Structures are given as structure tokens and as C-alpha cells.
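Asker:
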Amino acid sequence: MASEQQQKGSSRSEEDVPTGDDAATGAVTARKEQLDSDVDSILDEIDGVLEENAAEFVSSFVQKGGE
Numbered sequence: 001m002a003s004e005q006q007q008k009g010s011s012r013s014e015e016d017v018p019t020g021d022d023a024a025t026g027a028v029t030a031r032k033e034q035l036d037s038d039v040d041s042i043l044d045e046i047d048g049v050l051e052e053n054a055a056e057f058v059s060s061f062v063q064k065g066g067e
């Protein structure tokens with residue numbers, strides 16, 4: 001009996017879960033778009049550096065001696 005009640009209580013449909021406020025959802029979406037834009041900007045900057053001088057960029061990450 002107890003296991004039946006536990007199963008009933010733990011089974012929730014997606015309709016039971018609140019979806020949140022539309023304003024909050026919009027804010028999250030706007031923040032995600034801003035972060036996506038920032039990441040794209042950083043990746044574009046890295047691509048630019050690699051196009052100019054890839055060997056120098058890579059050599060800056062190579063360990064020398066006991067580093």
C-alpha cells in the first residue's frame with residue numbers, strides 16, 4: 001500500500017509542473033542571446049588571431065623548461 005501511494009505521489013505529468021512567468025522566460029531568453037553573442041565575438045577574435053599568426057599563438061601555450 002505504501003509503495004502504491006509513493007508511486008502515485010512521485011509521478012507528475014508535465015502539466016503539473018509550473019512553467020514560470022513569461023517575463024522571466026523572456027529575460028532568460030534575452031540573457032542567453034547576449035551570452036551567445038559574447039561567445040561568438042570571442043571566437044571571432046580568436047579566429048582573427050589565428051589567421052594572422054597561428055604559430056605565435058600556439059607557441060605562447062607551449063611549456064618551456066620546468067614551467
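Note that our numbering gives residue 34 to position 34 of the sequence shown, counting from 1, and the numbers run on in steps of one.
Think of the CB as a built atom: it goes at the ideal place given N, C-alpha and C, for glycine as much as any other residue.
If you're wondering where the values come from, they're calculated on a predicted model, not measured in any experiment.
1. Compare the beta carbon distance of Phe61 and Val49 with 8 Å and say whether it is the shorter of the two.
2. What does the alpha-carbon distance come out to for the pair Val28 and Asp36?
3. So for Gln34, helix, strand or coil by DSSP?
4. Have a look at Glu45 and Glu52 and give me their C-alpha separation to the nearest angstrom.
Answerer: With the structure as the only source:
1. Here the question's residue 61 lines up with position 61 in the sequence shown. Here the question's residue 49 lines up with position 49 in the sequence shown. Result no, Cβ atoms of Phe61 and Val49 do not sit closer than 8 Å.
2. As a position in the sequence shown, residue 28 is number 28, starting the count at 1. As a position in the sequence shown, residue 36 is number 36, starting the count at 1. When rounded, the distance between both Cα atoms is 12 Å.
3. Position 34 of the sequence shown holds residue 34. Helix.
4. Locating residue 45 in the sequence shown gives position 45, counting from the first residue. Locating residue 52 in the sequence shown gives position 52, counting from the first residue. One C-alpha to the other measures close to 11 Å.
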